[in-house]
Every structure is written in structure tokens, then in C-alpha cells.
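**Q** Okay, handing you the structure first.
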Amino acid sequence: MIRRVHRWLGKLRVPERDRHDLSQEVFVAALTSFGCHDPAQGSVARWLNGITVNLASHYHAKASRRNEAITDPAELCKAGGGATAIELLLAAERRRLLRSLVLELPLELRSVLVQHDLYEISMRDIAERREIPLSTVYKRRTRALHGAQEALARRVAAEQERCAKPHVVSDDLAPPGPVPQRVA
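So for the sequence shown, my numbering puts the first residue at 6; every next one is plus one.
As C-alpha cells, this is what we get:
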């Protein structure tokens with residue numbers, strides 16, 4: 006039952022470092038209110054789950070008022086202390102770009118790529134679920150990777166072409182004074 010409570014706390018997004026303490030609180034609360042438990046209303050596991058959900062809710066409500074100083078370097082990296090704002094923005098932009106590149110792929114290629122590379126489903130399982138040969142799944146993933154690379158190359162080329170074109174400045178935005186003449 007202890008493992009089950011620990012697992013419930015994980016699903017309720019209680020950090021690993023606090024799950025042991027909170028699971029003890031669950032069992033203390035269960036012991037103090039055991040006389041109130043009515044077996045006709047449900048099993049003990051369901052009753053414990055209700056206590057767990059209630060305590061996890063209180064834990065998260067108090068989180069905004071809790072002040073913690075993170076001193077462990079590994080914990081600092083987990084908390085995002087290792088990345089600057091620019092790095093976080095760049096990472097978000099890379100994820101957005103990758104998502105848009107994958108969405109350009111045909112569905113049969115995109116689904117294999119997402120299942121294998123994102124959800125880590127084995128190629129053999131994908132082939133069995135779709136009832137297609139394993140070699141076909143490998144070919145589709147390869148085509149999907151090449152398709153995403155080609156789409157990225159097209160975007161980079163279009164961006165380079167866009168940046169290479171001279172910008173036309175309207176009269177409203179032109180600096181005051183004489184306009185320089187172009188020599189052909």
C-alpha cells in the first residue's frame with residue numbers, strides 16, 4: 006500500500022524529494038481518522054486515495070508560499086537555473102520549428118516518426134500494430150527524417166533569400182537630408 010500511495014503522489018505531481026514525507030502524512034491522517042472510515046462507502050484503497058489527493062492538493066496550495074533555497078547543483082539544473090532566458094527562448098523556438106517541420110510531412114511518415122522518436126515505441130511494435138512489414142516502417146521513418154531535413158533546408162534557403170533582398174524604405178521612414186544617388 007505504501008508503494009501505491011507513493012505512485013499516486015507521483016501522478017499528482019508531488020516532487021520525488023517530498024513524496025516520502027507526504028506519504029507518511031497520508032498514513033498518519035489515515036490512522037487518526039480510521040474510526041470514520043465506512044467500508045460500505047468504498048475500499049480502503051479508495052479511502053486512502055482520497056486522503057492522498059486531499060493532502061497533495063494542500064501541498065500544491067502551500068507551494069506558492071514556500072521558500073526553498075536550492076543549493077545542490079543537480080537540483081539547480083532541474084529547476085532551470087542552468088539556462089538563461091535567451092537559451093530558454095531559443096529552445097522553445099527550436100521545438101516550434103521542429104513541430105512545424107514534422108507537421109509538413111505526410112501522415113503515414115509523420116506518425117511513424119512521432120511514435121518511434123517521441124513516444125519511444127519500438128519499430129517492431131509499430132509494424133505489428135499496423136500489420137505492415139518491419140522494413141516498411143524503417144523506410145517510412147527514414148523518409149520522414151529526410152523529408153524534415155529537406156523542409157528545413159527549404160526554410161533556411163528562403164530565409165537567406167529574404168535577408169539578401171535589399172529593403173525598400175518608404176519616404177516616411179527615410180532619414181532627413183539628401184537621398185544618395187546610386188551609381189550603376
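Don't be surprised by glycine CBs; every beta carbon is placed ideally from N, CA and C.
1) Buried or exposed: L27, going by 16 or more other Cβ atoms within 10 Å of its Cβ?
2) Does the beta-carbon distance from R146 to L112 come in below 9 Å?
3) With a threshold of 7 Å on Cβ separation, who are the neighbours of L157 within its own chain once the five nearest residues in sequence on each side are excluded?
4) In angstroms, rounded to a whole number, what distance separates the CA positions of R99 and L108?
5) Would you mind reading off the limits of the alpha helix (DSSP H) that contains Y64?
6) Give the single residue among D43, L103, I91 and G15 whose Cα lies nearest to the Cα of V58.
7) How many Å lie between L93 and R148 at the Cα?
8) What are the start and end residues of the alpha helix (DSSP H) that includes R18?
9) Give me the Cα-Cα distance between D122 and V33, rounded to the nearest whole angstrom.
**A** Here's the rundown:
1) buried
2) no
3) L106
4) 14 Å
5) V49 to A68
6) G15
7) 30 Å
8) Taken as a continuous stretch (DSSP letters only), R18 belongs to no alpha helix (DSSP H), as it is neither H nor E.
9) 43 Å
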